[in-house]
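In the numbering used here, the protein residues as written are 2 to 356.
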C-alpha cells in the first residue's frame, strides 16, 4: 500500500449509538402479590464528537480509520433500573478542520481551538419503562417505548493548516531545506522540482521556549489560483497563516527570473484570496552561495522596493537574522500582532458571510 504522510481532506462515516429500550416489569416481592410497574428507562446512546487537539497536524488517522461508531445504550430493567448510558466516541482532529455534510454540502462547523468540541452525530434517547405509564386508571401498564436511533451521517473533513508562518515559493526554491534548518521537521530534500508533494509542518523553538509553527506548502505553479497543479488544495493552507515567507531561488535555476517569480507569487495569492494581500510577509533570497545570485539580487532590488533577507539554506547561512525578525514580529511587537488578529477576524467574517 502506498505510504501517505499527510492528508488534508478525508471522508468520515459516523454512526451514533441507539438509545436503550424501556422495560416492562412488575414488582415481585414476598408479601406483595400485586406489585406495581417498576420497568426502568433505557440509557442514552453515545454521540460522535470531534475534538480539536493541538498535537494533531493531519487528518491521516481518519484516512486510515474512516468509520467511527459509538456504542448502543443498555435497556432498562426491573426495580426501575436505568439502562447503561454509552460513552461518546471522541475523534481527535487538527486545529483548522472544517466539517461539511457529504450528502447536502451544508457547513457543519469548524474547530480551531485546543479542546473545542463539535457533536456531529447525536446519540439516541432512551425509551421509557412501563413505570412511566402508571396512572389512576392504569395501575398495571404494559406500555413502554423503544429507544430512538442514533444519527448516522457522512462528512467531509478538510484541514486548513493554522500555521504561524507559511512558506511559499516555486518548485525547487529550497523551501524544504529552509524548513529543516529552521524547525524540527525532516522533509524529503532532493535537487529536483516537486520534491514536496504534501504540506509539511515544523516547529521553531526559541531558547526561551517560545514557539512558531511553520507550514511548507508544495511548490506552486502559475495558475494555482485556478486549481492548476492542485493549486486550490495547496493554497488553502496559506489562508490562515499569520505570516508568509516568500522563498526565492535567487540563483535563477532552470532560467527562472527571481523577480518575476516573486511578482507572480504575490498575484497568485491575491487571486486566490484578496485578504492574503494584507498578510505580513518577508522575502527570502535563497541560494546566495551560487553563481548568478548576486546579479539577480541586484535586479530584484532595482525592480522592487522589498526588503530582502539573503541566505543559503543549504549552508545554513543567514538564518539567525530571519529567526530574530520573526521573534520580534510575533513576540515583541503587539501592534503588528494586533493588526494580524484584525485581519484574521475580518477573514472569519468574510468566510461566514460566504456560507
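Even glycine gets a Cβ: it sits at the ideal position worked out from N, Cα and C.
These numbers come from a predicted model, not from an experiment.
Q. Straight-line CA distance for residue 41 to residue 131?
A. One C-alpha to the other measures close to 7 Å.
(Q) Pull the bridge partners of residue 75 from the DSSP assignment, please. (A) Answer is none; residue 75 lacks a bridge partner.
Q) CA-CA distance, residue 298 and residue 313? A) 13 Å
Q. Among 27, 67, 20 and 137, which one has its Cα closest to the Cα of residue 43?
A. 20
Q) From residue 25 to residue 128, what does the alpha carbon distance come to, in whole angstroms? A) 11 Å
Q) Three-state secondary structure (DSSP) at residue 12? A) strand
Q.
Mapping the DSSP letters down to three states, classify residue 273 as helix, strand or coil.
A. helix
**Q.** Distance between beta carbons of residue 167 and residue 245, contact taken as under 8 Å
**A.** At roughly 5 Å, the Cβ-Cβ gap stays under 8 Å, so residue 245 and residue 167 are in contact.
Q. Applying the criterion that 16 or more other CB atoms from any shown protein chain within 10 Å of the CB defines a buried residue, is residue 176 buried or exposed?
A. buried
Q: Look at the Cβ atom of residue 143, then the Cβ atom of residue 23, and state whether they are nearer than 9 Å.
A: By the CB criterion at 9 Å, residue 143 and residue 23 fall outside the cutoff.
Q | Spatially closest choice to residue 78 from 112, 28, 331 and 67, by CA coordinates | A | Nearest to residue 78 by alpha-carbon distance, out of 112, 28, 331 and 67, is 28.
Q.
My output table needs one value for residue 18: the three-state DSSP class, helix, strand or coil.
A. coil
Q: Could you name the residues that DSSP lists as bridge partners for residue 122?
A: 49
Q: In angstroms with no decimal places, state the Cα-to-Cα distance between residue 357 and residue 274.
A: Here the chain covers residues 2 to 356 and nothing more, so residue 357 does not appear.
Q.
Rounded to the nearest angstrom, what separates residue 160 and residue 216 at their Cα positions?
A. 13 Å
Q.
Extract the residue ranges of the beta strand (DSSP E) inside the stretch 143 to 186, only unbroken runs of 3 or more that lie entirely within it.
A. 153 to 160 and 166 to 169
Q. In chain order, which continuous runs of the alpha helix (DSSP H) of length 4 or greater are located wholly inside the stretch 284 to 308?
A. Taking only runs of at least 4 residues, the alpha helix (DSSP H) segments lying wholly in the stretch 284 to 308 are 294 to 304.
(Q) Considering just the uninterrupted stretch of the beta strand (DSSP E) at residue 99, what are its terminal residues? (A) 98 to 102
Q.
Once DSSP output is grouped into helix, strand and coil, what is the label at residue 88?
A. coil
Q) Which of the three DSSP states, helix, strand or coil, is assigned to residue 281? A) coil
**Q.** Cβ pair count under 8 Å reaching 3, the stretch 169 to 183 against the stretch 247 to 264
**A.** yes
Q) Taking buried to mean at least 16 other C-beta atoms within 10 Å of its own C-beta, is residue 340 buried or exposed? A) In this prediction, residue 340 has a pLDDT of 49, which is less than 50 and means its spatial position is unreliable; what the coordinates show is noted afterwards. Per the 10 Å Cβ criterion, exposed.
**Q.** Contact the stretch 47 to 62 vs the stretch 112 to 121: 3+ CB pairs below 8 Å
**A.** yes
(Q) Rounding to the nearest angstrom, what Cα-Cα distance links residue 266 and residue 202 in this structure? (A) Per the coordinates, the alpha-carbon of residue 266 lies some 21 Å from the alpha-carbon of residue 202.
Q) Taking all protein chains shown into account, do 16 or more other C-beta atoms lie within 10 angstroms of the C-beta of residue 243, making it buried, or fewer, making it exposed? A) buried
Q. Should residue 307 and residue 284 be called a contact, given that it needs their Cβ atoms to be closer than 9 Å?
A. Yes. Within cutoff.
Q. What did DSSP end up calling residue 35 once you bin it into helix, strand or coil?
A. coil
(Q) Quick check: the stretch 58 to 78 against the stretch 89 to 102, are at least 3 beta-carbon pairs closer than 8 Å? (A) yes
**Q.** residue 358 versus residue 88 - alpha carbon distance
**A.** Past the edges of the chain, shown from 2 to 356, lies residue 358, and the structure says nothing about it.
Q) To the nearest whole angstrom, what separates the beta carbons of residue 72 and residue 110, a pair I think is in contact under 8 Å? A) 24 Å between Cβ atoms; not a contact.
Q) DSSP puts residue 201 in a beta bridge; with which residues? A) 217
Q.
Please list the terminal residues of the continuous beta strand (DSSP E) segment that includes residue 114.
A. Counting along the chain, residue 114 falls outside any beta strand (DSSP E), and DSSP gives it neither H nor E.
Q) Does DSSP put residue 212 in a helix, in a strand, or in coil? A) strand
Q. Between residue 331 and residue 305, is the Cβ-Cβ spacing less than 9 Å?
A. No, the Cβ-Cβ distance between residue 331 and residue 305 is not below 9 Å.
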